[in-house]
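Participant:
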Amino acid sequence: MRAALWILALFGVAVAVALFAGNNQGSVTLFWPPYRIDLSLNLVLLVSGGGFVTLYAALRALAALLELPHKARRWRAQQKERAMHGALLDALIQMFGGRFIRARKAAVAALAQEQALAAGGQAVPHGQQLRVLAHVLAAESAHALRDHAGRASHLQEALREAPARGSVSEQEMREGAQLRAAQWALDDRDAGAAFERLATLPQGAARRTLALRIKLKAARLAQQTQEALDTARLLGKHRAFSPSAAQSIVRGLAMELIDSARDGAQLEQIWRALEGPERNMPELAIHAAQRLVALGGTTTEVRAWLLPVWELVLELPDALAEQHALKLVRALEAGLDALDVPWLARIEAAQQANPRDARLQYLAGMACLKRQLWGKARQLLTQAAEQLGDAGLRASAWRHLAELAEQRGDDGAAASAWKKSALDR
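When we follow the numbering used here, the leftmost residue of the sequence shown carries the number 502, and every step to the right adds one.
(1) Do V625 and A678 come within 8 Å of each other at the CB atom, strictly closer than that value?
(2) Report the residue ranges of all beta strand (DSSP E) runs contained in full by the region 505 to 558; include only those spanning at least 3 residues, in chain order.
(3) Just mark F532 as buried or exposed, buried being the case when its beta carbon has 16 or more other beta carbons within 10 Å.
(4) Rounded to whole angstroms, how far is the Cβ of L829 from the Cβ of L837, which I believe are closer than 8 Å?
(5) Helix or strand or just coil, what does DSSP make of G666?
(6) Pull up the distance between the alpha-carbon of G527 and that of S549, whole angstroms please.
(7) Taking just the CA atoms, how far does A896 sit from A923?
(8) Check G890 in the structure and name its three-state DSSP category.
(9) Which residues in the same chain have their Cβ closer than 6 Å to the Cβ of H655, if we skip the five residues on either side of it in sequence?
(10) Taking the alpha helix (DSSP H) that F696 falls in, what are its first and last residues?
(11) Taking the straight line between their C-alpha atoms, what separation do you get for R857 and M756?
(12) So L626 is in the alpha helix (DSSP H); what residue range does that whole segment cover?
(13) So what's D858 in DSSP terms, helix, strand or just coil?
(14) Go ahead and pull the three-state DSSP assignment for G598.
(15) From L569 to A578, what distance separates their C-alpha atoms?
(16) Going by C-alpha distance, which of V545, A720 and Q623 is nearest H571?
(17) Run through DSSP, which three-state label would Q724 get?
(18) Measuring CB atoms only, is the region 676 to 696 touching the region 705 to 722, in the sense that at least three cross pairs come out at less than 8 Å?
(19) For R603, which residues of its own chain have a beta-carbon under 6 Å away from its beta-carbon, when the five flanking residues on both sides are left out?
(20) May I ask you to report which of helix, strand or coil DSSP gives H788?
(21) Applying the criterion that 16 or more other CB atoms from any shown protein chain within 10 Å of the CB defines a buried residue, is F601 buried or exposed?
(22) Which value, in whole angstroms, describes the spacing of the CA atoms of E823 and K920?
(23) Could you check which residue in Q629, L646 and Q908 has the C-alpha nearest to that of G667?
(24) Would you tell me roughly how many angstroms separate the C-alpha atoms of G908 and L845, rounded to the nearest one?
(25) Is DSSP giving S917 helix, strand or coil here?
(26) Restricting to Cα atoms, I'd like to know which of P703, D691 and L560 is closest to E673.
(27) So, using beta-carbon positions, are R792 and I750 closer together than 8 Å?
(28) Kindly give me the distance between the Cβ atoms of L881 and Q862, rounded to whole angstroms, as I take these residues to be in contact under 8 Å.
(29) Report the option in T555, L680 and Y557 whose CA atom is closest to the CA atom of T458.
(30) Taking the straight line between their C-alpha atoms, what separation do you get for V810 and R690?
(31) Give the straight-line distance between the Cα atoms of L563 and G551, rounded to the nearest whole angstrom.
(32) At which residues does the alpha helix (DSSP H) containing G705 begin and terminate?
(33) What separation, rounded to the nearest whole angstrom, lies between the Cα atoms of K877 and L827?
(34) With DSSP as the reference, label Q767 as helix, strand or coil.
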């Protein structure tokens, strides 16, 4: 369409020129005493147009000739920039490929090209970012090569190029370098250096997921369980882990914190410091109750910690794994000597609601035994001993049955029970 329009325009110009020039009788007279020159108007117009075109072409040619040195300089600068960017990309590729010596050489080459451009007065606008990135790549490669001196040197240069009180871009570059330095310290198993690097970050950067991950690993490396637990909670809120993984990490750290308690008072303080959902974790509550029993805590406090777990088991019998259910029974069994009436009623109600649960039969039988209800205790323990899957609880049931048989003078039943208890040990 555009070509057709151009053709029509050319035809129009040709027609206009033909109409103007064909019948044009005008002339131009030049007086140059004592001469007089008469020229056709068409010729004058043609010569004027030709002269203008010739002059314009000559000026453009002269300008292009004078521009050649500048173009040559720009071309050389462009080649250096391409070489600089190519070296930086090559450093990234080599580092990702595990060729760290080549990566460091390429990063150093990129720095040399940038310095050459700056020295020639042709510094690139993004030269600062390029220098920081090249130094970080060189430090990363030196870290992989276990060259701590080279890593420290390049890191210091990167931090010098990105001052702490600089622009937003400079602060972002500095934060990235500090995070990489913290990760390097963590790889060296130097938790103190990692904490120092993280401490230099602004508050917003220190709460990023990457920084919190590094902090969690450093805290666990330094055996700072409380700090690791607080960090794991933040990571869980940031959804850095899946819900199940976050719960598992928090539970493991809380158990470590519980195990670190030296007495019952410290354990109670740790327990109160835990969040509500954490205290409701069955595995954690059972572990804390067992630890409190080992530290000589009161049975009342133990049962108070286990009450949410007990209610969960009654509501959902399959909510606990077998090993945790057995731990719950053992933890409650340890406090049966001072069992109060409400808890006795709970155990009896649970056993009656689940008559086929051997663990509840065993626990109810032990409760009756502590209350000197010999007949009922013998009945429940006999039923439980035949069905219990755990060898320890089964041996305990047979042992108590043997003692009850000895009390009533049934030597045959006592011998049989002692024999079965020995076989289960």
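The beta-carbon is built from N, C-alpha and C at its ideal position, and this holds for glycine as well.
Facilitator: For this structure:
(1) To locate residue 678, count along the sequence shown from 1; it is residue 177. To locate residue 625, count along the sequence shown from 1; it is residue 124. No, the pair does not count as a contact, with Cβ atoms beyond the cut-off.
(2) Fully enclosed beta strand (DSSP E) runs of 3 or longer: 528 to 533 and 536 to 541.
(3) If you number the sequence shown from 1, residue 532 lands on position 31. F532 is exposed by the Cβ-count criterion.
(4) Numbered from its first residue, the sequence shown carries residue 829 at position 328. Numbered from its first residue, the sequence shown carries residue 837 at position 336. Going by Cβ atoms, the distance from L829 to L837 rounds to 13 Å, so no, they are not a contact pair.
(5) Indexing the sequence shown from 1 puts residue 666 at position 165. The question names Gly, yet the displayed sequence has Arg at residue 666. Three-state result, R666: coil.
(6) Counted from its first residue, the sequence shown places residue 527 at position 26. Counted from its first residue, the sequence shown places residue 549 at position 48. Answer to the nearest angstrom: the Cα atoms are 16 Å apart.
(7) The count along the sequence shown starts at 1 and reaches residue 923 at position 422. The count along the sequence shown starts at 1 and reaches residue 896 at position 395. The alpha-carbon of A923 is positioned some 7 Å away from that of A896.
(8) The residue you call residue 890 lines up with position 389 of the sequence shown. Three-state result, G890: coil.
(9) In the sequence shown, counting from the first residue as 1, residue 655 sits at position 154. Take H655, set aside five residues on each side of it, and the residues of its chain with a beta-carbon closer than 6 Å to its own are H636, A639 and A640, in chain order.
(10) What you label residue 696 is simply residue 195 of the sequence shown in a count that begins at 1. That run of the alpha helix (DSSP H) goes A692 to A700.
(11) As a working mapping, residue 857 is identified with position 356 in the sequence shown. As a working mapping, residue 756 is identified with position 255 in the sequence shown. Near 32 Å, if we compare the C-alpha coordinates of M756 and R857.
(12) Residue 626 sits at position 125 when you count from the first residue of the sequence shown. The residue you asked about is not Leu; residue 626 is Pro in the sequence shown. Here P626 belongs to no alpha helix (DSSP H), and DSSP marks it neither H nor E.
(13) Numbered from its first residue, the sequence shown carries residue 858 at position 357. It is coil, neither helix nor strand.
(14) The residue labelled residue 598 in the question sits at position 97 within the sequence shown. Coil.
(15) One-based indexing of the sequence shown puts residue 569 at position 68. One-based indexing of the sequence shown puts residue 578 at position 77. About 14 Å.
(16) Along the sequence shown, one-based indexing puts residue 571 at 70. Here the closest residue by C-alpha is Q623.
(17) In the sequence shown, the residue the question calls residue 724 occupies position 223. When secondary structure is reduced to three states using DSSP, Q724 falls in the coil class, being assigned neither helix nor strand.
(18) yes
(19) Within the sequence shown, residue 603 is the residue found at index 102, counting from 1. Answer for R603: Q595, listed in chain order.
(20) As a working note, residue 788 is residue 287 in the sequence shown. Correct three-state label for H788: helix.
(21) Taking the sequence shown and counting its residues from 1, the one referred to as residue 601 is at position 100. That one is buried.
(22) In the sequence shown, counting from the first residue as 1, residue 823 sits at position 322. In the sequence shown, counting from the first residue as 1, residue 920 sits at position 419. Rounded to whole angstroms, E823 to K920 spans 26 Å at the Cα level.
(23) Counting from one through the sequence shown, the residue named residue 667 turns up at place 166. Of Q629, L646 and Q908, the residue nearest in Cα terms is Q629.
(24) Start at 1 with the first residue of the sequence shown, and residue 908 comes out as number 407. Start at 1 with the first residue of the sequence shown, and residue 845 comes out as number 344. A small fix is needed here, since residue 908 is Gln in this sequence, not Gly. Each residue's alpha carbon lies about 24 Å from the other.
(25) Here residue 917 corresponds to residue number 416 of the sequence shown, with the count starting at 1. S917 carries a helical assignment under DSSP once its states are collapsed to helix, strand and coil.
(26) By 1-based counting over the sequence shown, the position of residue 673 is 172. Answer by Cα proximity: P703.
(27) As a working note, residue 792 is residue 291 in the sequence shown. As a working note, residue 750 is residue 249 in the sequence shown. Not closer than 8 Å, so no.
(28) On the sequence shown, residue 881 is found 380 positions in, with the first residue counted as 1. On the sequence shown, residue 862 is found 361 positions in, with the first residue counted as 1. So it is a contact: roughly 5 Å between Cβ atoms.
(29) This structure does not reach residue 458, given that the chain is present from 502 up to 926, and the question cannot be answered.
(30) For the purposes of this step, residue 810 is identified with residue 309 of the sequence shown, where counting begins at 1. For the purposes of this step, residue 690 is identified with residue 189 of the sequence shown, where counting begins at 1. Approximately 39 Å, taken between the alpha carbons.
(31) The residue labelled residue 563 in the question sits at position 62 within the sequence shown. The residue labelled residue 551 in the question sits at position 50 within the sequence shown. Each residue's Cα considered, the two are about 18 Å apart.
(32) Here the question's residue 705 lines up with position 204 in the sequence shown. Run containing G705: Q704 to A707, per the alpha helix (DSSP H) assignment.
(33) On the sequence shown, position 376 is the one that residue 877 refers to. On the sequence shown, position 326 is the one that residue 827 refers to. Each residue's alpha carbon lies about 22 Å from the other.
(34) Position 266 of the sequence shown, counted from the first residue, corresponds to residue 767. Of the three classes helix, strand and coil, the one that applies to Q767 here is helix, per DSSP.
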